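Using our numbering, the final residue of the sequence shown is 347, and nothing's skipped along the way. Okay, structure first, notes after.
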Amino acid sequence: MALTSLAMPLLRLLPAERAHELTIRALKAGLAPGRTPSDDPALRTRLWGLDFPNPIGLAAGFDKNAEVPDAMLRWGVGFTEIGTVTPRPQLGNPQPRLFRLVEDQAVINRLGFNNEGLGVVTARLTKRARTGIVGANLGKNRDAADATADYCRGVATLAPLVDYLVINISSPNTPGLRDLQRRSEMGALIHAAVEARDAIRLDDPPPILLKIAPDLTQQEIDDIAGVALGSKIDGIIVSNTTVARPASLRSANAPEPGGLSGKPLFEPSTAVLAEIYRRTQGRIPLVGVGGVSSGADAYAKIRAGASLVQLYSALIYQGPALIGRIKRDLAACLKRDGFRHVAEAVGSGADRIRSGVDRQGA
Ligand SMILES: Cc1cc2nc3c(=O)[nH]c(=O)nc-3n(C[C@H](O)[C@H](O)[C@H](O)COP(=O)(O)O)c2cc1C
């Protein structure tokens, strides 16, 4: 721990993408606690037949190529999500393409699905022992002629190797990707992905989740909830980064094109989460992500309707010790309000969060 608190300010001096590469290299070289810390029983939760030791997960984009899932699990996350991985390797957009907004505790990225492709990722996942919950976030290649075929390849290839799959139709850095959130496209895509999974006849087929954007109108939220309820989707992750630029941003990097994450995303993504929870009547498990940087934030996501929570940007500013702090403070919040388990608190505050989404759609 002392090493990481020393390294954090040094990493901050480097360009953001270089700091990320060094962090992955250090984790590969063994920078992680030897043993996973044990969690407060109040944090345990069971979903899709999986036992999560705690509801705090690492969001997609940190470990795009499945290099360090087990190291991150040892840092104490309850689950980790590799990817986004596309069928073929691709370089992504020209650098620089990752920017810190220090004054805003935020990040802008326009990486564009840089990744080593399904072949390399499959080889890595095949080698690991299946302990700890790992999901895979799937995308399409930028030049794909058939988006559905790309997602289905990801599903068929990785379904035997991971605990859950995510259909990512919300990254802002692949042209046309977010159009797949339209009512007409989404239903057909979910149907094809479920068929691709079921065709390989696994004993324990992994659940398929959808990851959506925070930049949605009320009508679009309604459409997504409607399609999801009428489909075999197992869960929804709310949300990816935003293309909006709140007026509150102070950093000089704010005008950079790309997806904004971190603190300024908390309110709009939580508002969409609560809205999706209400419109799906709590019938589809939700994963809340966007701007979580404390136990209170994680608790707010759960109260808004999330059964699980993910984070990424806050780790850039606070380092991996944040994971333990969030879990401790979340357990304290649950106890203070008389909830015995995470599951009891899910959605208990969803009705109170209404205003944000109106502003979001404006
Ligand atoms: C550098 C960076 C890369 C990301 N790459 C991906 C990605 O490949 N796939 C994806 O679904 N989300 C990606 N995300 C979005 C995160 O998974 C998450 O939805 C978003 O950052 C909001 O959470 P946060 O505010 O805690 O960072 C990325 C985010 C960042 C900051």
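For each residue, glycine too, the CB sits at the ideal point set by N, CA and C. A quick note: this is a predicted structure, and the numbers were derived from the prediction, not measured.
Residue i - DSSP class collapsed to helix/strand/coil
{"i": "Y149", "result": "strand"}
{"i": "R344", "result": "Because the pLDDT at R344 is just 39, under 50, the model does not fix this residue reliably, and the value given afterwards should be weighed accordingly. Looking at R344 - three-state DSSP - the assignment turns out to be helix."}
{"i": "V179", "result": "helix"}
{"i": "G309", "result": "helix"}
{"i": "A(-13)", "result": "Annotation note: pLDDT 47 at A(-13) (below 50); position unreliable, no value reported."}
{"i": "G211", "result": "helix"}
{"i": "I185", "result": "coil"}
{"i": "L7", "result": "helix"}
{"i": "V228", "result": "coil"}
{"i": "L201", "result": "coil"}
{"i": "V223", "result": "strand"}
{"i": "L(-1)", "result": "coil"}
{"i": "L16", "result": "coil"}
{"i": "L234", "result": "coil"}
{"i": "G332", "result": "coil"}
{"i": "G304", "result": "coil"}
{"i": "G280", "result": "helix"}
{"i": "R268", "result": "coil"}
{"i": "A299", "result": "helix"}
{"i": "K217", "result": "coil"}
{"i": "R325", "result": "coil"}
{"i": "P(-6)", "result": "helix"}
{"i": "I338", "result": "coil"}
{"i": "A239", "result": "coil"}
{"i": "R29", "result": "coil"}
{"i": "D24", "result": "coil"}
Of the listed residues the options, nearest to residue i (C-alpha basis)
{"i": "D131", "options": "L319, S155, V151, L174", "result": "L174"}
{"i": "N78", "options": "I311, K320, D128", "result": "D128"}
{"i": "P305", "options": "W33, R20, R59", "result": "R59"}
{"i": "N99", "options": "R264, N158, V62, L43", "result": "N158"}
{"i": "P242", "options": "L214, V228, I261", "result": "V228"}
{"i": "C318", "options": "A285, Q303, I338", "result": "A285"}
{"i": "E329", "options": "N225, L28, Q166", "result": "L28"}
{"i": "L214", "options": "V92, A144, E6, T265", "result": "T265"}
{"i": "Y262", "options": "L293, G280, Y302, L234", "result": "L293"}
{"i": "G63", "options": "E252, D24, P72", "result": "D24"}
{"i": "E52", "options": "V92, V119, Y297, R3", "result": "V119"}
{"i": "S224", "options": "Q203, H176, I185, I154", "result": "I154"}
{"i": "R31", "options": "L307, P270, P253, G276", "result": "P270"}
{"i": "R325", "options": "I197, D208, P26", "result": "P26"}
{"i": "L250", "options": "A108, G273, G102", "result": "G273"}
{"i": "H5", "options": "P160, L96, D148", "result": "L96"}
{"i": "P190", "options": "V105, L16, A281, V140", "result": "V140"}
{"i": "S246", "options": "R3, S156, K49", "result": "S156"}
Start and end residues, beta strand (DSSP E) containing residue i
{"i": "Q295", "result": "291 to 296"}
{"i": "S254", "result": "Where S254 is concerned, there is no enclosing beta strand (DSSP E), although the alpha helix (DSSP H) it sits in stretches over 251 to 264."}
{"i": "V272", "result": "271 to 274"}
{"i": "S246", "result": "244 to 247"}
Residue span of the alpha helix (DSSP H) that contains residue i, given as start and end
{"i": "K196", "result": "No alpha helix (DSSP H) holds K196; the beta strand (DSSP E) holding it covers 193 to 197."}
Any non-hydrogen atom of ligand 2 within 7 Å of residue i CB
{"i": "V274", "result": "No copy of ligand 2 occurs in the structure displayed; its ligands are ligand 1 alone."}
Complete beta strand (DSSP E) runs within the segment 107 to 174 (minimum length 3 residues, chain order):
118 to 123, 149 to 153
Could I get the ranges of all uninterrupted beta strand (DSSP E) runs contained in the segment 31 to 117, with 3 residues as the minimum, in chain order?
Qualifying beta strand (DSSP E) stretches, in chain order: 35 to 37, 41 to 43, 64 to 70, 83 to 86, 91 to 94.
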